[in-house]
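Asker: Taking this note's numbering, I'd label the letters of the sequence shown as residues 111 to 325. The beta carbon of each residue, even a glycine, is placed where N, CA and C say it ideally should be. One structure coming up, written as structure tokens, with questions to follow.
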Amino acid sequence: VTRLLGEMLLSPATRGGLFRRDYVESEKQKLLDDIRARVNDKRDYAAYRMVQEMCACEEYGCDEMGDEVGAESVGYVDLTRHYHDLLLTCPIEIFYCGAASPERTAQALRDALATLPRGEIDYDLGTDIRMNTVNDRPREVTEELAVTQGKLVLGFRMGECMEDPDFAAMRVFNALYGGSVTSKLFMNVREKLSLCYYASSGVDRMKGVMIVSSG
């Protein structure tokens with residue numbers, strides 16, 4: 111398995127030292143299809159659009175799949191160059207859980223990654239946590255689509271608790287607020303008042319953002 115891992119990471123299919131153009135074009139089309147299909151899942155799409163608007167000036171607001179314009183511009187030459195840059199500069203952390211001894215596992219990984227090129231490692235990786243909202247008043251964004259069920263998504267900054275976050279407390283808070291079928295949102299907004307079909311919340315504990323979704 112470690113040999114296969116090393117081969118996948120360090121020995122991709124190339125032609126003349128560059129990623130194969132036909133492979134890149136094929137994967138690019140798949141990515142474009144996935145990006146365009148996002149709107150088909152209205153629940154996820156609504157949450158995605160809320161994050162885009164709420165964190166418009168932050169990297170957090172960029173979708174992990176990118177956008178159509180960015181995907182269209184991907185070329186096999188630039189992608190090969192970017193791949194090599196990542197191998198040189200990205201920090202690598204390996205977590206192992208299994209029955210083999212740590213020493214045997216470490217040696218297998220060292221052998222599999224022996225040809226991994228390393229340069230100056232970029233450790234400047236972090237999350238931009240914003241304690242306060244950018245605007246004095248909540249911003250509202252409305253989009254109209256042909257749907258059978260409307261979606262309402264709310265985004266909140268966790269605020270000062272992110273100065274010294276207590277992750278366990280955040281998990282408990284979210285479970286009580288909207289993270290389970292016995293939460294306040296579910297029991298009151300859905301069951302007692304029948305205002306929506308579903309209502310739930312989720313917290314990104316690293317970013318300090320809470321998302322509340324309802325239909």
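Counting only beta-carbon atoms, is A285 nearer than 8 Å to chain D?
Answerer: No chain D appears in this structure, which consists of one protein chain only.
Asker: Between the alpha carbons of E250 and V161, how many angstroms are there, rounded?
Answerer: Distance between the alpha carbons of E250 and V161: 12 Å.
Asker: What does DSSP give as the partner residue(s) for A309 in the beta ladder?
Answerer: According to DSSP, A309 bridges with S324.
Asker: Take every Cβ of the stretch 117-129, pair it with every Cβ of the stretch 216-234, and state whether three or more of those distances are shorter than 8 Å.
Answerer: Judged by Cβ distances under 8 Å, the stretch 117-129 makes contact with the stretch 216-234, as three or more pairs qualify.
Asker: Skipping 5 residues on each side, what residues in its chain have a beta carbon closer than 6 Å to that of H194?
Answerer: Taken in chain order, the list of residues that qualify is empty.
Asker: So, is V257 buried or exposed, given that buried needs 16 or more other C-beta atoms within 10 angstroms?
Answerer: Exposed, because fewer than 16 other Cβ atoms sit within 10 Å of the Cβ of V257.
Asker: Please identify the residue among T190, Q259, T124 whose C-alpha is closest to the C-alpha of D151.
Answerer: Out of T190, Q259, T124, Q259 has the C-alpha closest to the C-alpha of D151.
Asker: Please report the distance separating the alpha-carbon of G289 from that of E273.
Answerer: Using only the alpha carbons, I get a separation of about 23 Å.
Asker: Alpha carbon to alpha carbon, how far is F277 from H192? Give it in angstroms, no decimals.
Answerer: Cα to Cα, the separation comes out at about 35 Å.
Asker: Considering only residues of the same chain and omitting the five flanking positions on each side of D232, which have a CB-CB separation below 8 Å?
Answerer: Same-chain partners within the cutoff: T199, C200, P201.
Asker: Hey, quick one: how far does the beta strand (DSSP E) through G236 stretch, first residue to last?
Answerer: Careful: G236 lies outside any beta strand (DSSP E) and carries neither H nor E.
Asker: For V263, report the span of its beta strand (DSSP E) as first-last.
Answerer: Looking at the DSSP string, the run of the beta strand (DSSP E) that includes V263 is 262-267.
Asker: Which residue wins for smallest C-alpha separation from S304, given the options Y287, S324, R315, M320?
Answerer: Of the listed residues, the one whose Cα sits closest to S304 is S324.
Asker: If you draw a straight line from the C-alpha of M268 to the C-alpha of D238, how long is it?
Answerer: So the alpha carbons of these two residues sit roughly 13 Å apart.
Asker: For the alpha helix (DSSP H) holding M280, just list the boundary residues, first then last.
Answerer: First-last of the alpha helix (DSSP H) with M280: 277-287.
Asker: According to the Cβ coordinates, are I145 and M164 closer than 8 Å?
Answerer: For I145 and M164, no; Cβs fall outside 8 Å.
Asker: Check this for me: beta carbons of V244 and I321, under 8 Å apart or not?
Answerer: Their beta carbons are not under 8 Å apart, which means V244 does not touch I321 by this criterion.
Asker: Around the Cβ of L255, are there at least 16 other Cβ atoms within 10 angstroms (buried) or fewer (exposed)?
Answerer: So L255 counts as exposed.
Asker: Just curious, the alpha helix (DSSP H) that L197 is in, first and last residue?
Answerer: Unbroken alpha helix (DSSP H) run through L197: 186-199.
Asker: Going by the CB atoms, is the gap between T112 and A216 shorter than 8 Å?
Answerer: Against a cut-off of 8 Å, the Cβ pair of T112 and A216 comes out as no contact.
Asker: Looking only at its own chain, which residues have a Cβ that is under 8 Å from the Cβ of D132, when we skip the five neighbours before and after it?
Answerer: So the list is empty, once near-sequence residues are dropped.
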